[in-house]
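Student: For the sequence shown, position 198 (counting from the first letter as 1) is numbered 198 according to the UniProt record's numbering, and the numbering increases by one without interruption. Just so it is clear, CB atoms sit at the ideal spot from N, CA and C, and this is done for glycine as well. There's a structure below that I have some questions on.
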Amino acid sequence: MAAYIIRRVFGAVLLLLVVSAVTFAIFFLVPRLGGQTADQLATQYVGKDANPESIAAVKQNLGLDQPIAVQYWDYIKGLVVGAEYKFGPDATRCEAPCFGYSFKSHVEVWPQLTERIPVSFSLAVGAAVIWVVSGVTIGVISALRKGRPVDRISMFIALAGVSLPIFFTGQVLNALFVYEVPIWDSIEYVPFTENPADWAWHLLLPWISLAFLFSALYARLTRAGMLETMGEDYIRTARAKGLKETTVVTKHGLRAALTPIVTIFGMDFGTLVGTAVLTETVFSLQGIGAYAVQSIKDNDLPIVMGVTLVAAFFIVFCNLIVDLVYAAIDPRVRYS
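Here you go:
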């Protein structure tokens, strides 16, 4: 088990390095291959009021006059041990993990990310609990009542949830329950440490909007898995032994049907933490998704790269956890 964990952790670190290299190449290598010089790249980052002094300063701070390999090494070194930036005669220390300084606000990227990560993480956690519980429950009920009205209604709702985009359901819920029937005065983020009740209440509507899509997918997956599992021989054997139907369904049927759910949940949750852009935009939540959209509009390169790497970390980390859970559940995985 220890060797398996070491292999998976090493693979996750290697994958993050590949993602960082690809991201770095997109912003620094591809423009060079397209014929742009270091001065032209620096001019884009300075803005409209570019002058020779500001262009030279940006070029020096970003190391644009250095070879690509040296630039990438300095970037990785800044993530691990920090870096120093010179703004005029003074040198500023950027502690690790250093994603650089924003071109627009001239402040460190990492502290701005840490301010917004709790918003995206809270949004993902609450929505995940709702969609897993509701999706799996609806899927089990539909499988056990196959062909009956409850099954047809559930699958119709699931089909609607899969078909309707998040920005549509979010806008509808926002219009109905914030403006028409003002159950919520406003949708805003309240830190969990300040007031857990307000934290949950103010995020409930975004949770429902986000969970509607995912719970529909999980309901359909659970239903398909349960229909297949409940027809197996060991299910008939369990019933023949006189076990209670609830025990047969939960311990023998549902446990086997949840195997693909674990896989897709790890991918969905990791992706959601890093890229819950639409929900944050609809409800004006200042998470890393909305932060990424604004940084792209501003052409703020350090923020775009920082958000990309943070999102990649969450995705890789969640997939690593799924692999380790698989290894704990099924010993055959450790030797595959």
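What are the partner residues of Val-83, as DSSP defines its beta bridges?
Tutor: Looking at the sequence shown, residue 83 is not Val but Ala. DSSP output for Ala-83 lists Cys-94 as bridge partner(s).
Student: Whole angstroms is fine: what's the gap from Val-325's alpha carbon to Thr-263's?
Tutor: Computed Cα separation, rounded: 10 Å.
Student: Suppose you measure from the CA of Ala-290 to the CA of Val-307; what does that come to, to the nearest Å?
Tutor: Ala-290 and Val-307: Cα-Cα distance of roughly 10 Å.
Student: By alpha-carbon positions, which one of Arg-239, Thr-137, Asn-174, Phe-265 ends up nearest to Thr-279?
Tutor: Here the closest residue by C-alpha is Asn-174.
Student: What runs of the alpha helix (DSSP H), each 4 residues or longer, lie entirely inside the segment 107–184?
Tutor: List check, alpha helix (DSSP H) in window: 109–144, 149–163, 166–174.
Student: Leu-123 and Pro-206 - do their beta-carbons sit closer together than 7 Å?
Tutor: Cβ distance < 7 Å, so Pro-206 and Leu-123 count as in contact.
Student: If you measure between the beta carbons of Leu-113 and Val-316, is that distance less than 7 Å?
Tutor: No, the Cβ-Cβ distance between Leu-113 and Val-316 is not below 7 Å.
Student: Check for me: the alpha helix (DSSP H) holding Gly-11 runs from which residue to which?
Tutor: Its alpha helix (DSSP H) spans residues 2–24.
Student: Count the other CB atoms, across all protein chains shown, that sit within 10 Å of the CB of Asn-195; report buried if there are 16 or more and exposed otherwise.
Tutor: When all chains shown are included, Asn-195 counts as exposed.
Student: My understanding is that Ser-142 touches Arg-223, with C-beta atoms under 8 Å, so please give their C-beta distance in whole angstroms.
Tutor: Sure, about 5 Å apart at Cβ, within 8 Å.
Student: For Lys-146, does the count of other Cβ atoms within 10 angstroms reach 16, so buried, or fall short, so exposed?
Tutor: With fewer than 16 other Cβ atoms within 10 Å, it is exposed.
Student: Grab the span of the alpha helix (DSSP H) containing His-202 for me, first residue to last.
Tutor: Run containing His-202: 196–229, per the alpha helix (DSSP H) assignment.
Student: As a quick exercise: from Leu-301, Ser-154, Leu-29, Leu-144, pick the residue whose alpha carbon is nearest that of Ser-215.
Tutor: Among Leu-301, Ser-154, Leu-29, Leu-144, the Cα nearest to that of Ser-215 is on Ser-154.
Student: Tyr-218 and Gly-161: beta carbons closer than 7 Å?
Tutor: No.
Student: Quick check on Val-129: buried or exposed, where buried means 16 or more other Cβ atoms within 10 Å of its Cβ?
Tutor: Val-129 is exposed by the Cβ-count criterion.
Student: Would you check if the distance between the CB atom of Gly-63 and the CB atom of Asp-74 is smaller than 7 Å?
Tutor: For Gly-63 and Asp-74, yes; Cβs fall inside 7 Å.
Student: Starting from Gly-289, trace the alpha helix (DSSP H) in both directions and tell me its first and last residue.
Tutor: Its alpha helix (DSSP H) spans residues 288–297.
Student: Let's see if you can read the secondary structure: which residues bound the alpha helix (DSSP H) around Leu-33?
Tutor: That run of the alpha helix (DSSP H) goes 30–33.
Student: Can you tell me whether Tyr-189 is helix, strand or coil according to DSSP?
Tutor: Reduced to three states, the DSSP call for Tyr-189 is coil.
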